[in-house]
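K.L.:
Protein chains: 4
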Amino acid sequence: MARSLDDLPLRAALVDIAREFHARGWMAGTAGNLSAREDDHHFWITASAKPKGRLEETDFILVRVNDGEVVERVRPDNKPSAETSIHRVLYALFPEARACLHGHIVEAVVAADRAKQGAKGLRLPAIEMIKGFDIWQQNPKIDLPLFGNHLDVARIAGDIEKRFRKTPPAVTALMVRDHGPTVWGAGLQEACNRFETLEYLLRYQARAR
Amino acid sequence: MARSLDDLPLRAALVDIAREFHARGWMAGTAGNLSAREDDHHFWITASAKPKGRLEETDFILVRVNDGEVVERVRPDNKPSAETSIHRVLYALFPEARACLHGHIVEAVVAADRAKQGAKGLRLPAIEMIKGFDIWQQNPKIDLPLFGNHLDVARIAGDIEKRFRKTPPAVTALMVRDHGPTVWGAGLQEACNRFETLEYLLRYQARAR
Amino acid sequence: MARSLDDLPLRAALVDIAREFHARGWMAGTAGNLSAREDDHHFWITASAKPKGRLEETDFILVRVNDGEVVERVRPDNKPSAETSIHRVLYALFPEARACLHGHIVEAVVAADRAKQGAKGLRLPAIEMIKGFDIWQQNPKIDLPLFGNHLDVARIAGDIEKRFRKTPPAVTALMVRDHGPTVWGAGLQEACNRFETLEYLLRYQARAR
Amino acid sequence: MARSLDDLPLRAALVDIAREFHARGWMAGTAGNLSAREDDHHFWITASAKPKGRLEETDFILVRVNDGEVVERVRPDNKPSAETSIHRVLYALFPEARACLHGHIVEAVVAADRAKQGAKGLRLPAIEMIKGFDIWQQNPKIDLPLFGNHLDVARIAGDIEKRFRKTPPAVTALMVRDHGPTVWGAGLQEACNRFETLEYLLRYQARAR
């Protein structure tokens, strides 16, 4: 096992994460998508409809940040997922983001159901685990940005871009209601640690009375 | 690990699924049964009373779709399970079905308990994960077909046949109350992905308020 | 992997079960004990205070059924657990029992909490999974025998013996309140399958509304 | 696999525990820290910010009990975690403690939420599993020491020291609210067994009605 996910080749690290997240129930069937920045202008992302428990290093496409063009397909039949647009927006907005992980988590959806219809944020619980997002406050009042789900994923991506351009998020994460969280980080290991941190926070929230 | 379950020999793939589902608690003890179509007229199915966490490629029988005749037993003492009749009905009704997976899931039973006595369907939650069944609608109103459980399994199979002949299901899945889901697909990987998808949807439903 | 637990040497099979049950959270720390009949008059049982996630074939003692005498210790410092007396009673009462498994399961304790104080049985849910106990009825009304927990384990063993001598149990299992289930079977695989079956039934009961 | 965690080199044992606890969701991301006493005056403890699912034997520092001085860093960039102060207090107070394990457990936080604001203890459930703390009473009334969480970890350590100097705890464990449990033992295996025991007790408490 590599010391850190950042010591692995990008796609090998993403395969590791996919198999682990699938085993934990966070990427059921083909759900979710994972990406990592290859260079300032491109990122590798899982191709559409790949079973996440059996992901391989060939199941990726290389996408250009500025226009979403697919510049490489490891296998010729790899297709981009609609959700690629969300990853693209995040890489464009946050140059420091090197990896971006999106899964589907039952308890995250349950926790988000507690927020009012149309709410722009979900107040995260002020428990110790929030330090996983580098928040060092005694009684942190931190909101996880919440977005509505739309069949047209480009609309979600647009909402994210518009809101974050105006109001940068307090955490490197967002939640799409009825759907799931997306977490990014300055490296693969940081993104993965924070994904686990957010899952813990939302699992607590879903169970707390 | 094979790229896809469809790259494995049929029974090897079913063994993989059985051990995975057992580990997840979806095939406790000997519960559930898994099948895959060998050709248009026959399917392999797990023999009765095999512990699913220790399934082997010898634990199968080959059954004829049109009359349920056992045409091959990998081991001479392999016996057909009563639930073979449900698989047979599904292969007969849906020529495109190549694999059929039936497990017992606590949270699926809990979710189905919320439907009224005698209800013919359980409205699935309109969350993102429903796309795993190739449903692309903004606010999908999709019912999972619900059937009553009977000691006489042939009666369940008959109910399924009668209902589906008249009203094809909106998803390639059904739920027998107090019992568990059955999911089929155009291949082993698709059936497995959709089984995981349904488990997620029903787990959400069991936990949502 | 062996085809069936019954194809393994007795203690190797018990070690397999212990590691699996520990991983599932049913034998936290050193909790629980597992036994298998060596012959009509003796059974192997886990020695006291062994961590179940690291059990080995040397962590057993051989006990005589009729008087509880320890006739062999694989390691000289292996000590009998107080709960050996419960296993002894069950082997004495049921000559067909070849294996006996006792774990501690949070959801079993939660389910049993629903029974009235002093109740002698917990009505098992009439769901399909009950067939794992070879109960083939349309609406089974089966009670899992319930016993009160006592610091003095010999008293629990005595209660079991007295009650079962008069009223044999409807299932090859019992539950000690605030403690956990004990399940036996005509072989190691059957005992293990039924333990998983009971866990499923009680997990359902703990979650059902 | 070693017979007991105490048969392994100290740091190898801690690595084993970290990977296991991470897999169980008790050390999400980099959360928690684990230590073992090297000799009467020093203990090895996980360095700050290491992902616990990928911990290695180089991810440790050696700390002096009496003043908290870091006397060895396996890697030069290993930094002490703020929570080292809590481990230090426990080793200073309890010379028999050889290992000390701290994790973050959703259900422990949920269980502690049931205690009144400012409560100094959480009454543990009087169920069989409490024997894992060597408590042999028919109706034990045992309180798990509860402490408030503070951004300034030294303050938590100070509270623990002050309270325990006056009132030694009834169990070798404590809980910091909104945070997680810390468990110690006379050896690595005992500490690990008791951590699992406490997790079970608090999971029960979080689910019981």
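Chains as they are written, first to last, in the numbering used here: chain A, 8 to 216; chain B, 8 to 216; chain C, 8 to 216; chain D, 8 to 216.
Just so it is clear, CB atoms sit at the ideal spot from N, CA and C, and this is done for glycine as well.
Do the region 41-52 of chain D and the region 70-89 of chain D make contact, defined as three or more Cβ pairs closer than 8 Å?
P.N.:
yes
K.L.:
Measuring only the C-alpha atoms, how far is D185/D from W191/C?
P.N.:
41 Å
K.L.:
Measure the Cβ-Cβ separation of I4/A and G32/A and say whether it is below 9 Å.
P.N.:
In the structure as shown, chain A starts at 8 and stops at 216, and residue 4/A therefore has no counterpart that could be examined.
K.L.:
Mind checking which residues open and close the beta strand (DSSP E) that includes I24/D?
P.N.:
Counting along the chain, I24/D falls outside any beta strand (DSSP E), though it belongs to the alpha helix (DSSP H) covering 17-30.
K.L.:
Name the chain A residues whose beta carbon is nearer than 8 Å to that of T37/D?
P.N.:
By Cβ distance, chain A contributes G139, N200.
K.L.:
Return yes when the C-beta of L208/D is under 8 Å from any heavy atom of the ligand NAD, and no when it is not.
P.N.:
The ligand content of the structure shown is nil, which means the ligand NAD is not present either.
K.L.:
Looking at chain C, is there any beta carbon in it that lies within less than 9 Å of the beta carbon of E206/D?
P.N.:
yes
K.L.:
With a threshold of 7 Å on Cβ separation, who are the neighbours of T204/A within its own chain once the five nearest residues in sequence on each side are excluded?
P.N.:
M136, G139, F140
K.L.:
Checking 9 Å against the spacing of the C-beta atoms, do I142/A and R130/A come in under that value?
P.N.:
no
K.L.:
Is M136/B close to chain A? Criterion is C-beta to C-beta, closer than 9 Å.
P.N.:
By this cut-off, M136/B is an interface position.
K.L.:
Rounded to the nearest angstrom, what separates G194/B and A99/B at their Cα positions?
P.N.:
16 Å
K.L.:
How should A161/B be labelled, buried or exposed, when 16 other C-beta atoms within 10 angstroms of its C-beta is the threshold for buried?
P.N.:
exposed
K.L.:
DSSP on G75/B, reduced to helix/strand/coil?
P.N.:
G75/B falls in the coil class under three-state DSSP.
K.L.:
Measure from the C-beta of V113/C to each C-beta in chain D and report whether the shortest distance is under 9 Å.
P.N.:
yes
K.L.:
How long is the line joining the alpha carbons of K222/B and L97/B, rounded to whole angstroms?
P.N.:
Any question about residue 222/B goes unanswered here, given that chain B covers just 8 to 216.
K.L.:
Among A126/B, D159/B, L158/B, which residue has its Cα nearest to the Cα of M182/B?
P.N.:
A126/B
K.L.:
First and last residue of the alpha helix (DSSP H) that includes S92/C?
P.N.:
91-100
K.L.:
Taking 8 Å as the limit between beta carbons, can you name the residues of its chain near P132/B, skipping five residues before and five after?
P.N.:
L208, Y211, Q212, A215
K.L.:
Specify, as a first and last residue, the run of the alpha helix (DSSP H) that R210/B falls within.
P.N.:
195-214
K.L.:
Going by the CB atoms, is the gap between T53/B and L17/B shorter than 9 Å?
P.N.:
Not closer than 9 Å, so no.
K.L.:
Please name the residue, chosen from A56/C, E103/C, L153/C, that lies closest to E197/C on a Cα-to-Cα basis.
P.N.:
It is E103/C.
K.L.:
Note down, in chain order, all residues in the region 154-167 of chain B with a beta-carbon under 9 Å from any beta-carbon belonging to chain C.
P.N.:
N156, H157, L158, D159
K.L.:
Considering only their Cβ atoms, is the gap separating L108/D from L15/D smaller than 9 Å?
P.N.:
no
K.L.:
List, from N- to C-terminal side, the beta strand (DSSP E) runs of 3 residues or more that fit wholly inside the region 139-173 of chain C.
P.N.:
150-154
K.L.:
Does chain D have any CB closer than 9 Å to the CB of A43/C?
P.N.:
no
K.L.:
Can you give me the C-alpha to C-alpha distance between A30/A and F171/C, rounded to a whole angstrom?
P.N.:
Whole-angstrom Cα-Cα distance: 43 Å.
K.L.:
Is E79/D closer than 9 Å to A19/D when the C-beta atoms are compared?
P.N.:
no
K.L.:
Assuming the contact rule is C-beta atoms closer than 8 Å, T179/D and R201/D should be a hit. Round their C-beta distance to whole Å, please.
P.N.:
6 Å
K.L.:
Suppose you measure from the CA of G110/A to the CA of P83/D; what does that come to, to the nearest Å?
P.N.:
36 Å
K.L.:
Less than 9 Å between CB atoms is the rule here; does A20/C satisfy it with respect to chain B?
P.N.:
no
K.L.:
Please list, in chain order, all residues of the same chain as N146/C whose beta carbon is under 8 Å from its beta carbon, the five residues on each side excluded.
P.N.:
A133
K.L.:
Can you give me the C-alpha to C-alpha distance between R44/C and V81/B, rounded to a whole angstrom?
P.N.:
31 Å
K.L.:
Output needed in chain order: residues of the region 176-203 of chain B with a Cβ under 9 Å from some Cβ in chain C.
P.N.:
V183, R184, D185, H186, G187
K.L.:
Any idea if E76/B is buried or exposed, counting beta-carbon neighbours within 10 angstroms, 16 or more meaning buried?
P.N.:
exposed
K.L.:
Please state whether the Cβ-Cβ distance between G7/D and P152/D is less than 9 Å.
P.N.:
The requested residue 7/D does not occur in the structure, where chain D is confined to residues 8 to 216.
K.L.:
Going by beta-carbon coordinates alone, are P58/D and G39/D separated by less than 9 Å?
P.N.:
no
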